[in-house]
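Working notes for the structure below.
Residue numbers (the numbering used here), protein chains in the order written: chain A, 1 to 113; chain B, 1 to 115.
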């Protein structure tokens, strides 16, 4: 079983829709979680990070963590065509003493104008 | 531009050749990471440096791969005797660790194609 599982998509939504992106993870010791956005032919850029269960909001983005279910989500409100990208969840890898990140495989999102 | 810089952006090479990539991190960052990403997958950790010390290597990093970070500034990743399976995007990231917080900032990567 992979440490982090993520639906690859693609996910296609109309402009203005609410988008829900999800990851599950296997190791209950993970303490903090990140979402990265990656545009085509670019490196990932950090979108949000959160340490604890519950919600964290930043503009149109909300990150949600449910440690009891080992499930994290990223919600995008009022989605825009510029949100079209691949979204990667990430968490510290226990294999490397939490120094490196383990990434999900990414969900490709297309927001149609 | 104060972001992470990688050079070259693209590299095409023949199987068996050696290649070297360079990464210039954000200047005040003390940690530098190398990741590899193949199509449809998330980045996979290869190795990282704390200043000039290489502290960890992934099992993915075969003995054909070597990385250096002289004087704790820029870093190079060399692949010797390249194989077609080495074709991937090689990403560099840097971070400044403060307490428990660590945010990685990635460069745009070097896309390697081995023919």
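Yeah, the Cβ is synthetic: ideal placement off N, Cα and C, and Gly gets one too.
Small disclaimer: the values here were computed from a predicted structure and weren't measured.
Within chain B, no residue has its CB atom less than 8 Å from the CB of residue 109(A), the nearest being about 14 Å off. Here the alpha carbon of residue 58(B) sits roughly 9 Å from the alpha carbon of residue 44(B). Sequence-ordered contacts of the stretch 67-79 of chain A with chain B are nonexistent [C-beta pairs closer than 8 Å]. By the neighbour-count definition (other C-beta atoms within 10 Å, threshold 16), residue 97(B) is an exposed residue. Shortest Cα-Cα distance from residue 75(B) to any of 36(B), 20(B), 37(B) involves 20(B). Taking 8 Å as the threshold, the shortest C-beta distance from residue 81(A) to chain B does not fall below it.
The bridge partners DSSP lists for residue 56(A) are 63(A). At a C-beta separation below 9 Å, residue 21(A) has no neighbours in chain B, since its nearest C-beta there lies roughly 13 Å away. The Cβ atoms of residue 111(A) and residue 73(A) do not sit closer than 8 Å to each other. When the alpha-carbon of residue 60(B) is set against those of 48(B), 107(B), 69(B), the nearest one is in 48(B). Runs of the beta strand (DSSP E) lying entirely within the stretch 27-52 of chain B, each at least 3 residues long, are 31-37, 44-50 in chain order.
Comparing alpha carbon positions, the residue from 63(B), 22(B), 51(B) closest to residue 71(B) is 51(B). 8 Å or more divides the Cβ of residue 111(B) from the Cβ of residue 29(B). The C-beta distance from residue 51(A) to residue 31(A) rounds to 7 Å, short enough to fall under 8 Å. Burial state of residue 79(B) is buried, judged by a 10 Å Cβ sphere holding 16 or more other Cβ atoms. Collapsing the DSSP output to three states places residue 63(B) in coil. Residues are counted here when their Cβ sits less than 9 Å from a Cβ of chain B; for the stretch 26-45 of chain A these are 31, 32, 34, 36, 38, 41, 42, 43, 44, 45, given in chain order. With respect to the C-alpha of residue 27(B), the residue from 102(B), 94(B), 40(B) having the closest C-alpha is 94(B).
Between residue 75(A) and residue 12(A), the C-beta gap is not smaller than 8 Å, which leaves the two residues out of contact. At least one beta carbon of chain A lies nearer than 8 Å to the beta carbon of residue 56(B).
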